[in-house]
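Protein chains in written order, with the working numbering: chain V, 579 to 845; chain S, 3 to 344.
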């Protein structure tokens with residue numbers, strides 16, 4: 579796997595509070611060009627907030643996000659997507675009244691795509707169906723022509739990714755694309771994501787399914803309570819004691835032992 | 003064991019089948035014969051020829067009603083488009099009418115331009131003014147946009163009365179009128195048919211798909227690198243065009259503009275028409291308006307009780323047929339229905 583050491587996205591000291599809750603607290607890390615970066619952490623550790631902050635859906639209280647050398651902190655989400663940083667939504671957001679392939683008409687009509695096409699429209703329906711097929715919609719079964727509200731979750735997750743791909747992105751931020759999918763559905767999604775990386779797209783993946791995630795990613799950032807616990811290769815993360823405590827949970831016996839030790843110390 | 007349940011007690015059951023030519027995918031038809039062509043063409047032809055022959059069947063009093071009904075139909079079409087295809091529930095129909103009406107009236111009164119120039123100018127300028135004024139509210143959604151858009155007509159009336167501009171409470175009278183009653187009717191009917199045709203095409207074009215996507219999920223549209231405000235502006239402008247034409251047309255039909263152009267009726271009746279006709283069908287609200295306006299005209303003797311009637315119709319449809327007339331009819335038209343012995 580070839581990838582540069584150049585940082586494509588730099589997150590610097592990003593903080594965001596909702597009321598008294600520090601959803602993101604002084605988080606810094608880099609996404610390198612061409613890599614797949616995993617972001618893991620327990621529920622409520624600020625993973626989705628991080629994606630919202632990078633893509634402009636939530637404005638940070640402090641800190642900055644750079645795309646290459648350009649500061650993109652607090653820009654409008656449409657503007658950030660226009661630069662080529664696109665995201666999927668954890669809770670799928672299809673245009674449910676439209677057929678699946680017409681869902682891609684929106685990104686295909688975006689200024690970003692119109693610029694590259696030099697204003698020519700072309701056959702957008704055909705392009706849309708090609709993208710859907712690439713992402714795993716069976717063309718023969720008329721799946722691309724079905725109304726989105728009738729599609730099962732597996733296809734809707736694919737549709738989220740397809741809508742990102744239609745924008746010809748540089749970076750995709752995937753917010754739990756595997757959640758709610760069966761093991762076999764995930765197995766068919768993994769090669770799709772591997773192929774995206776080979777096509778040169780940089781990917782950030784938030785995921786709870788660690789086994790599948792660790793097979794895909796080059797590096798992992800671990801969040802807990804809005805703060806960055808550590809970053810490193812999957813092997814480093816798995817063997818790190820702090821991560822095991824925060825994320826994977828410690829054995830109850832160990833906990834009891836620790837508590838006993840603490841009590842002894844107090845005495 | 004289950005002898006008491008109605009299903010088991012019935013010896014027949016109703017079977018519904020989609021007509022063969024309607025493929026499962028919405029709006030895709032396989033036509034193989036004239037019979038099938040006419041099956042699709044007949045309802046459309048009925049509507050167009052029905053509208054064209056309508057004035058011939060009416061006496062002079064009711065011909066006036068046709069004109070007003072067509073204006074309401076345009077408003078209902080614009081309401082349906084904004085509410086069902088863009089997700090903006092706009093109660094500012096009276097504002098569109100008022101803007102178009104006053105611009106047309108002022109141009110005619112002060113500059114003496116003929117209605118054939120003032121109506122097109124007022125249509126476009128009025129739509130631009132309406133869009134500009136609604137611009138700050140476009141980021142609002144749902145009921146908030148509805149409330150704000152509902153306030154604008156009242157606000158404008160109070161400004162006109164308080165500052166005594168544009169003729170104040172008297173309005174501006176002695177405007178040029180259109181040549182004759184036939185021209186009156188056919189110009190507005192022609193515009194109505196064209197608007198209906200254009201809107202039906204538009205909602206399936208790319209721009210229409212983006213409008214519908216904004217309604218389904220505006221955040222996802224932003225994530226696709228498209229400014230939703232820009233498209234909402236386009237949508238409001240298109241909707242306002244129809245309303246402002248109605249206003250400009252009415253000012254020359256009556257030869258008078260006044261604060262009654264901002265009357266609540268213009269905001270409320272299109273909603274009743276849309277609920278009754280079937281939201282999201284575009285043609286349903288038009289038919290709803292063409293039925294409701296004469297009905298309310300026939301009940302003119304009851305005065306304010308007319309509003310009670312609107313409310314009753316609205317309530318009746320919301321409770322008993324929330325899908326509306328047109329959705330119901332379309333479904334029945336596309337299905338065979340027959341009873342089968344079990």
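C-beta: ideal position from N, C-alpha, C; glycine also.
Assuming residue i contacts residue j (C-beta within less than 8 Å), just tell me the rounded distance between them.
i	j	result
residue 125 of chain S	residue 250 of chain S	6 Å
residue 97 of chain S	residue 132 of chain S	6 Å
residue 784 of chain V	residue 625 of chain V	5 Å
residue 252 of chain S	residue 99 of chain S	7 Å
residue 128 of chain S	residue 258 of chain S	The Cβ separation is near 17 Å, so there is no contact.
residue 806 of chain V	residue 606 of chain V	7 Å
Helix or strand or just coil, what does DSSP make of residue i?
i	result
residue 688 of chain V	coil
residue 847 of chain V	Not covered by the structure: residue 847 of chain V. The range shown for chain V is 579 to 845.
residue 175 of chain S	coil
residue 808 of chain V	strand
residue 707 of chain V	helix
residue 616 of chain V	strand
residue 60 of chain S	coil
residue 1 of chain S	Because residue 1 of chain S is not part of the residues shown, which for chain S are 3 to 344, the question remains open.
residue 716 of chain V	coil
residue 122 of chain S	helix
residue 609 of chain V	strand
residue 596 of chain V	strand
residue 664 of chain V	strand
residue 289 of chain S	helix
residue 588 of chain V	strand
residue 649 of chain V	strand
residue 105 of chain S	helix
residue 86 of chain S	helix
residue 14 of chain S	strand
residue 644 of chain V	strand
residue 677 of chain V	strand
residue 633 of chain V	coil
residue 283 of chain S	coil
residue 725 of chain V	strand
Is there a C-beta anywhere in chain S that falls below 8 Å from the one on residue i?
i	result
residue 786 of chain V	no
residue 660 of chain V	yes
residue 676 of chain V	yes
residue 693 of chain V	no
residue 687 of chain V	yes
residue 722 of chain V	no
residue 664 of chain V	yes
residue 684 of chain V	yes
residue 656 of chain V	yes
residue 745 of chain V	yes
residue 667 of chain V	yes
residue 633 of chain V	yes
residue 853 of chain V	The question about residue 853 of chain V has no answer, for chain V in this structure spans 579 to 845.
residue 680 of chain V	yes
residue 671 of chain V	yes
Comparing the C-beta of residue i with each C-beta of chain V, is any distance below 8 Å?
i	result
residue 347 of chain S	Lying outside 3 to 344, the shown extent of chain S, residue 347 of chain S is not represented and no answer is given.
residue 219 of chain S	yes
residue 224 of chain S	yes
residue 89 of chain S	no
residue 169 of chain S	no
residue 208 of chain S	yes
residue 212 of chain S	yes
residue 189 of chain S	no
residue 227 of chain S	yes
residue 215 of chain S	yes
query = In chain order, which alpha helix (DSSP H) runs of at least 4 residues are fully inside the region 202 to 278 of chain S?
reply = Whole alpha helix (DSSP H) segments, 4+ residues: 208 to 218, 220 to 225 and 230 to 256.
key: Segment contact flag, the region 277 to 292 of chain S with the region 83 to 90 of chain S, C-beta cutoff 8 Å, min 3 pairs   = Between the region 277 to 292 of chain S and the region 83 to 90 of chain S, the count of C-beta pairs closer than 8 Å reaches three or more; the two stretches touch.
task = Starting from the N-terminal side, write out each stretch of the alpha helix (DSSP H) that is 4 residues or longer and does not extend beyond the region 730 to 808 of chain V.
result = DSSP assignment within the region 730 to 808 of chain V yields the following whole alpha helix (DSSP H) runs of 4 residues or more, N-terminal first: 731 to 743, 761 to 776 and 788 to 794.
query = How about the region 722 to 741 of chain V and the region 660 to 677 of chain V: do they share at least three Cβ pairs that are nearer than 8 Å?
reply = Yes: the two stretches touch, three or more of their Cβ pairs being nearer than 8 Å.
message = Which complete alpha helix (DSSP H) runs does the region 296 to 343 of chain S hold, if anything under 4 residues is left out?
response = As far as the region 296 to 343 of chain S is concerned, its whole alpha helix (DSSP H) runs of at least 4 residues are 307 to 322 and 326 to 335.
request  = Evaluate contact between the region 701 to 717 of chain V and the region 680 to 689 of chain V, counting only Cβ atoms and requiring at least three cross-stretch pairs below 8 Å.
outcome  = The region 701 to 717 of chain V is in contact with the region 680 to 689 of chain V.
request  = Say whether the region 232 to 245 of chain S touches the region 67 to 87 of chain S, bearing in mind that this needs 3 or more beta-carbon pairs closer than 8 Å, one atom from each stretch.
outcome  = At 8 Å Cβ cutoff, the stretches touch.
message = Between the region 647 to 657 of chain V and the region 210 to 230 of chain S, can you find at least three pairs of beta-carbon atoms closer than 8 Å?
response = With three or more CB-CB distances shorter than 8 Å, the region 210 to 230 of chain S counts as touching the region 647 to 657 of chain V.
ask   = Does the region 174 to 188 of chain S come close enough to the region 286 to 305 of chain S that 3 or more CB-CB pairs lie under 8 Å?
value = No, because fewer than three Cβ pairs between the region 286 to 305 of chain S and the region 174 to 188 of chain S fall closer than 8 Å, the two stretches do not touch.
inquiry  = When you compare the region 630 to 642 of chain V with the region 194 to 209 of chain S, are there three or more beta-carbon pairs, one atom per stretch, that lie closer than 8 Å?
reply    = The count of Cβ pairs closer than 8 Å, one atom from the region 630 to 642 of chain V and one from the region 194 to 209 of chain S, stays below three, leaving the stretches out of contact.
message = Quick test of the definition: if touching needs 3 or more C-beta pairs under 8 Å, does the region 797 to 804 of chain V touch the region 765 to 778 of chain V?
response = Contact fails: fewer than three Cβ-Cβ distances are below 8 Å.
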